[in-house]
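One structure is given below, encoded as C-alpha cells.
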Amino acid sequence: MMETTNLQAFVKVAETGSFSAAASQLFLTQPAISKRIKQLESQLDSKLLDRHGKQIQLTQTGQALLPRARQILQDIENTRQQISDLEGNPMGSFRMATSHHIGLHHLPPILRAFTALYPDVNLDLNFMDSEQACKLVESNELDLAVVTLPFESSHKLKLTPIWNDRLIIICAADHPLVNVNSPTLVDLVKYPAVLPSHGTFTREAIERALKGIREELIINLETNYLETIKMMASVGLGWSILPQSMLDDGLYHLQIPAFQSSRKLGIVLNKNRSQSKAVTAMLELIDEVKD
C-alpha cells in the first residue's frame, strides 16, 4: 500500500522541482524526502524522477502518477474534512488565494471577521495573480480564490461576482492630457501609457473598452501590480486605466464619455469539489458584502 506521506513528498518535489524546497514546505530534511521518494519508487517498481545536475524531471511514470497522486491526496483531505464537519463547528484548514489589490482594498474586514468567528480554522492565504489562482482552483490546488474574474473560463469553474470594479482613465495632475479640451480616446494614442500586463483579466477589460481606437497605443510599461502602475502614472511616466477606488489627490481623473469599463471581482470555485464547513463559512461572509 502506498503511504500518503510518500505521495505528498513526490507531489511537492514535482511541483517545486527541488528536493530542498519540498523538504522546506513539508518541514522535513532533504534526506527524508529522498527516502520517501525511493520508497515510492520501490513500491511501484519504477523510477519517478530523473536528475540532470540541479534540474529534476519527471519520468514517463512520474508524469502519469502526478495527477493521480494529487487526486488521492485530495480525496483523503476531503474525507477528513467531511468527518470533521460532522462534529459541529468549522475547523481544519483550507487554501485560499487573492490578488494584492483585493487583499488590500476588499478583504481585510472579511478576514478580520472570519478569524474572530472561527479561531479553530487555519486559513492558508496566498497572494498571486488572478490568472494563476484560477488555474490552481481548476487543478484542485486551492479551495477557492477571490480575484478578478475572467470573461470566459473553464467549464470546471464556478464564478460568482461580488464587486463591480469601475475602471477610469488617470494621469498625473501636470500631464499634457489634462489641458486638452474635451479629450477623446484618439487623444490617448498621442501619449505613452502604463498598463496592466497583456494577458491579464484586467488588461482584457481595458482592451475591450478601447477597441474603438484604430491606432496602436504607445505602452511605456506593463506590470501586474496596480500600485506600481499608480505610482508610475503619478510621476508622469504615462496615463493609465485603474480602478476608481485607487484615485487620490496625486492623480487626475481624465473623463472621456466614450470610455466605459469595469471588471468583476469575485469568487472562483471548482464545480467538482465539495466545500467544507470552513469554506462555506468564508463564502457566506464574502456574500454579505456583495454589491
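Position in the sequence shown counted from 1, then plus 611, gives you our numbering. For every residue, glycine included, the Cβ atom is placed at its ideal position computed from N, Cα and C. Quick caveat: nothing in here was measured; it's all calculated off a predicted structure.
Counted within 10 angstroms of its Cβ, other Cβ atoms place residue i as buried (16 or more) or exposed
i    : result
N790 : exposed
V797 : exposed
G877 : buried
H809 : exposed
I644 : buried
P730 : exposed
F638 : exposed
P701 : buried
H717 : buried
A634 : buried
H663 : exposed
Q692 : buried
I779 : buried
S741 : buried
I897 : buried
I829 : exposed
L799 : buried
Contact check, residue i vs residue j, beta carbons under 8 Å
i    : j    : result
V879 : L768 : yes
L865 : C745 : no
V908 : A680 : Summary: the structure shown does not reach residue 908, with the chain confined to residues 612 through 902, and so no result is reported for it.
T627 : Q636 : yes
A620 : R647 : yes
P807 : N831 : no
V805 : S851 : yes
A708 : L770 : no
T615 : L677 : no
N737 : N881 : no
M857 : K875 : no
Y863 : A784 : yes
S887 : G703 : yes
D902 : I713 : no
Closest residue to residue i among the options (Cα-Cα distance)
i    : options                : result
S710 : T811, W850, P730, P794 : T811
M843 : I694, I817, V757, H786 : H786
P761 : R662, E815, H712       : E815
L655 : N792, R874, G664, T670 : T670
A869 : L651, T795, E652       : T795
M893 : G673, L788, P720       : P720
L853 : L728, A820, N883       : A820
T813 : D898, R777, N617       : R777
E826 : E838, P803, V846, L837 : P803
L848 : Q855, L788, A675, E749 : L788
L659 : T672, N883, N617       : T672
M613 : S629, L651, Q674, H766 : L651
DSSP state of residue i mapped onto helix, strand, coil
i    : result
D798 : helix
G673 : helix
K746 : helix
F738 : strand
V789 : helix
V900 : coil
N617 : helix
T759 : strand
S631 : helix
L575 : Past the edges of the chain, shown from 612 to 902, lies residue 575, and the structure says nothing about it.
> Hey, which unbroken runs of the beta strand (DSSP E) at 3 residues or more fall wholly within the stretch 793-871?
Replying inline: 803-807, 829-834, 851-854
>> I'd like the ranges of any beta strand (DSSP E) spanning at least 3 consecutive residues and lying wholly in the stretch 649-729.
In response: 660-663, 666-669, 703-709
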